[in-house]
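**Student:** Numbering (my numbering), first residue to last: 79 to 225. The beta carbon of each residue, even a glycine, is placed where N, CA and C say it ideally should be. Structure provided below as structure tokens; questions to follow.
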């Protein structure tokens, strides 16, 4: 299975007028401290909420934006201009799109002595292995779906 939300992101960037912009390397300014009272409440609350919802959906294939998205999610009830600026910063970063790929496999009950399966996975970001695991399961699986 290959999951990609590239077209979804391109449509979002086109909609927000950011399609031709230069992507940033980091989704959050480390020196920025967002506060509840950071100015005037935005007039268009739905726009902010919609953008945060979209970013939340994108964390499925872009885990590197999960933390900044969780930060801006704290201000959904009364977002202010600094909060919207933080959302825009995440969009600038996300449009640089780091490719994340994950693979998994299982050898269903291939151990003749124990009948236990071995499960493995690996995750690549931009073609570089960032996480992997191979482990014999602790229980006997009774179907390939269970293993």
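In its own chain, which residues sit with a C-beta less than 8 Å from the C-beta of residue 119, not counting the 5 before and 5 after it?
**Tutor:** Taking the chain shown and counting its residues from 1, one reaches residue 119 at position 41. Cβ neighbours of residue 119 beyond the five flanking positions: 156, 157, 158.
**Student:** Does the beta-carbon distance from residue 188 to residue 196 come in below 8 Å?
**Tutor:** Residue numbering aside, residue 188 sits at position 110 when the chain shown is read from its first letter. Residue numbering aside, residue 196 sits at position 118 when the chain shown is read from its first letter. A contact, by the Cβ cut-off of 8 Å.
**Student:** Using only CA atoms, which one of 114, 125, 111 lies nearest to residue 90?
**Tutor:** Residue mapping note: residue 90 aligns to position 12 of the chain shown, counting from 1. When only C-alpha atoms are compared, the closest one is 125.
**Student:** Using alpha carbons as the reference points, say which of 150, 180, 93 lies closest to residue 167.
**Tutor:** Within the chain shown, the letter at position 89 stands for residue 167. Checked all of 150, 180, 93; the closest Cα to residue 167 is 150.
**Student:** What's the C-alpha gap between residue 213 and residue 219?
**Tutor:** Walking along the chain shown from the start, residue 213 turns up at place 135. Walking along the chain shown from the start, residue 219 turns up at place 141. So the alpha carbons of these two residues sit roughly 14 Å apart.
**Student:** To which residues does DSSP link residue 205 through a beta bridge?
**Tutor:** On the chain shown, residue 205 is found 127 positions in, with the first residue counted as 1. Its beta-bridge partners do not exist; DSSP assigns none.
**Student:** Measuring CB to CB, does residue 178 end up less than 8 Å from residue 137?
**Tutor:** For the purposes of this step, residue 178 is taken as residue 100 along the chain shown, with counting starting at 1. For the purposes of this step, residue 137 is taken as residue 59 along the chain shown, with counting starting at 1. Cβ atoms of residue 178 and residue 137: not closer than 8 Å.
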